[in-house]
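Residue numbers (our numbering), protein chains in the order written: chain A, 1 to 267; chain B, 1001 to 1433.
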Amino acid sequence: MNTLKTLLASIVLVTSNTVTANDTLPTGEQIAKNINARNEGISQSRNLKMILTDKRGKERIRETISYRKYFGDEKRTVIHYLTPRNVRKTAFLTYDYPEADKDDDQWLYLPAMRKVRRISASDRGDYFLGTDFTYEDIKKESKVTLEDFTRETLREEMLDGHPVYVIEAIPVNNEVAEELGYGKVIQWVDKNIWMTRKSEFYDTRGKHLKTTLFKDIKQVDSIWTAHRLEVDNHKTDHKTVFVFSDIIYDKEVRDDFFTQRAIRRGI
Amino acid sequence: MTFLHNVQYVAASNILVLTALLANPVAADSLLDNSTLSTRIESEWSVLTKDGSTQKLQLMIEPELETEVGEDSSITTIVRLRTDAKDNLSPDDHNQAELRELYLDTTISDSIVIIGKQQVVWGKSDGLKVLDIVNPQDFREFILDDFAQSRIPLWTVNAEIPINDITLQLLLIPDQTYHEFATVGSSYAFTSPLIIPTTPPGSNVTINQTEEPEQILQDADIGFRLSTFTNGWDITFNYLYHYDDTPVSFRTIDLTASGVNISINPKYKRTHLIGGTFSNTFGDLTLRGEVGYLTDKYISTTDPTDTDGVVKTGELKYVLGFDWYGLTDTLLSTQIFQTYLDNHEKGMIREELNTQITFLFKQDYMNETLHAEVLFLHDIDYEDGMVRPKLTYEYSDEVNIYVGADVFYGNENGLFGQYKETDRVVSGVVIGF
């Protein structure tokens, strides 16, 4: 009998909580801030396997090793390509500054030229080296840019057994929309760990552009980490899968890994 | 066994492994535990548009072996094997086998030290060279080959030392190797009077053997580069004391009863190179530039009264480039390139000021599996130039296919116009594994 009372009480409590939550859903801005406040460690190293599949099913596979480190609020990331032969030793270095009005600095080392080339970081909507992720997606990874979008919380629901908030992000103006290549983004954000589990992207004409899934999310060194990212590009039927392995947080990553001479020399 | 013994052992092993691989890949496997072997195979076919004849039918194989030595050192060996069924580019070299690069890359404290046969690349420009002259160049295919392929690697001691926010690069190059020019009669032999001194008709011309420096250390090239990144600017300051890779054609004229006897005495001369580079981005635009000043440049003169047939001058070169990334997956790039001789005299085979411009269009399609590009170079003063469209398709991770054209136009005395009879269509396959 006590058990039944407890169960009934729980159902009432859960129901009332849901109603209360629906009435007081956190704002899109609050959710975005919570996403950005999530710990991702001072530094990280990991291996990344990129599987690119075209609409005919032909696969291209790239293996990379990457390092990321915060220097104060400035985030520096470097990616070295290990295979295949035709992109081996290609390396990409970026300095992501906290100031919203300051463009990032980016360099690309192309072994065929044996030169480090300075590249513009302003065209954030360009696709990154043949993947379905844009340079902005790669840079922000599991974070978001607060000032690019206005966000509204649509609802809360369950996604694959996880409670999530569903938020709609609209670029603040046409210029940002054109720059990013997105007219709208719907995100499913895990309300317990503040990680995006799914995103639907729409282009600037409102057409469904791509779907991104963040999968195999588990803790590494107490930091929630997605180990698999999948993107379906609905316009091109091209698919990109990122598989992360050997992820290590906060192990000493040398400062000089994030220099032009380091990407020239390779890993 | 000491570290140096290890290095020597691995260097020798690398060469042995590469040799073995060519004969028996299975036997070589056991030597590759700490090594990464990759190979690039390129087959290229070019056809002259004037008559449809095959100009080049080349197969090139480049195995590269990288062996880890200890925790932070490696030895890289690159060998090049090349054969051309047509022999129009280098008639004397049907088959070529060469050790392209062999170097130890290691760290000492925070410094990187690279010792061995290698390429050192300076500069920011595309298609034209101002500071990228540390290594000489192979001109068997004019400037149509990728610079990474046409640069001639040199035995070099190369150290990069970080000093606070500045990196100091020191170079010592005891290797006395210079430009290799296309041989007379080959497709890209120089004929332009901008390069080849002309002699009066009917004169007897004797070209003597080129005088080369012989002392390994005293004649070594030395140089340094300071580089830094500050307030969004990449900046370098470069200095090189080196032998110009083109010999100076000293000339003597003897008037005899039998006629005019002209003697050409080619000799390599030393010069200082002082220069620098910069680059920054402004929104969609990347600005980049480089400038270099050669203190001792010798230019041939047609003035018969000149005692040695050359005039010594300083030469200022600079290039200013703009890369625009405003369109998706597209690069539009333009450069202006100028050279100025500060002691110009009448009769010199080059103008006091020469201006060239370049335009480059690159666009990627199909998730960067298809690449289109057009490079256009134009010499404003000599009114000649070249256009190079190219389409590359990544058929798979291992196989790239390309087709393109090299079209020359303009004044046949110009640097580009001299080849206007060698317009060609090029196609090729590159296999990497």
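Ideal Cβ positions, reconstructed from N, Cα and C, are used throughout, including at glycine.
Per DSSP, the unbroken beta strand (DSSP E) holding F1237 (chain B) starts and ends at 1233 to 1243. Contact annotation: the region 1224 to 1236 of chain B does not touch the region 1184 to 1198 of chain B, with fewer than three C-beta pairs closer than 8 Å. With fewer than 16 other Cβ atoms inside 10 Å of its own Cβ, I1163 (chain B) counts as exposed. Looking from the CA of H1094 (chain B), the closest CA among B:E1101, B:D1084, B:G1321, B:M1060 belongs to B:D1084.
For L1320 (chain B), not one C-beta of chain A is nearer than 9 Å to its own C-beta.
For P84 (chain A), the residues of chain B that pass the 8 Å Cβ criterion are D1397, E1398, G1432, F1433, in the order they occur in the chain.
In the structure shown, F1139 (chain B) falls within a coil segment according to DSSP collapsed to helix, strand and coil. In chain order, M1366, N1367 make up the part of chain B whose C-beta sits under 9 Å from the C-beta of H238 (chain A). R151 (chain A) has a beta carbon lying at 9 Å or more from every beta carbon in chain B.
Counting only residues of its own chain and dropping the five nearest sequence neighbours on each side, I1380 (chain B) has a CB closer than 6 Å to the CB of T1355. Comparing alpha carbon positions, the residue from A:K235, A:L52, A:W194, A:I119 closest to K143 (chain A) is A:W194. Contact between E1071 (chain B) and M1060 (chain B) does not hold, since their C-beta atoms are separated by about 34 Å, which reaches or exceeds 8 Å.
Of the candidates A:T145, A:K115, A:T150, A:T145 places its Cα closest to the Cα of I35 (chain A). CA-CA distance, K251 (chain A) to Y109 (chain A), rounds to 25 Å.
DSSP, reduced to helix, strand and coil, places Q1215 (chain B) outside both helices and strands of the structure shown, so it counts as coil. Residues of the region 1207 to 1231 of chain B whose Cβ lies closer than 9 Å to any Cβ of chain A, in chain order: S1227, F1229. Only buried fits Q1335 (chain B), as 16 or more other CB atoms lie within 10 angstroms of its CB. Residue contact with chain A for Q1137 (chain B): absent (no Cβ-Cβ distance below 9 Å to any residue of chain A).
Note on geometry: alpha-carbon atoms of L1287 (chain B) and L1415 (chain B) lie some 27 Å from one another. In this structure, the alpha-carbon of Y67 (chain A) lies about 26 Å from that of Y1103 (chain B). Setting aside the 5 residues that flank it on each side, D190 (chain A) is surrounded in the same chain by H162, V164, R197, each with a C-beta closer than 6 Å to its C-beta; the list follows chain order. In this structure, D1296 (chain B) keeps its C-beta atom at 9 Å or more from the C-beta atom of I1133 (chain B). At a cut-off of 9 Å between beta carbons, D1105 (chain B) contacts chain A.
In this chain, the alpha helix (DSSP H) harbouring K33 (chain A) covers 28 to 37.
Annotation: I138 (chain A) has no Cβ neighbours in chain B at a cutoff of 7 Å; minimum Cβ distance is about 14 Å. Counting only the Cα atoms, Y1298 (chain B) lies some 27 Å from A1148 (chain B).
Put simply, of B:D1175, B:K1346, B:Y1188 the residue whose alpha carbon is nearest the alpha carbon of P1136 (chain B) is B:D1175.
Comparing alpha-carbon positions, the option among A:T27, A:K33, A:G41, A:E29 lying closest to T225 (chain A) turns out to be A:G41. Residues K210, T211, K239 of the same chain have their beta carbon placed closer than 7 Å to that of D232 (chain A), with the five preceding and five following residues left out of the count. Taking C-alpha positions only, K1129 (chain B) is separated from Y1402 (chain B) by approximately 25 Å. Shown here, D137 (chain A) sits in a helix according to DSSP, grouped into three states. Near chain A, meaning a CB-to-CB distance below 7 Å, the residues of the region 1114 to 1141 of chain B are Q1119, V1121.
S1150 (chain B) carries a helical assignment under DSSP once its states are collapsed to helix, strand and coil. Beta-bridge pairing by DSSP links P1162 (chain B) to B:T1167. Less than 9 Å divides the Cβ of T94 (chain A) from the Cβ of D104 (chain A). In terms of Cβ geometry, I1207 (chain B) and A1159 (chain B) do not form a close pair [threshold 9 Å].
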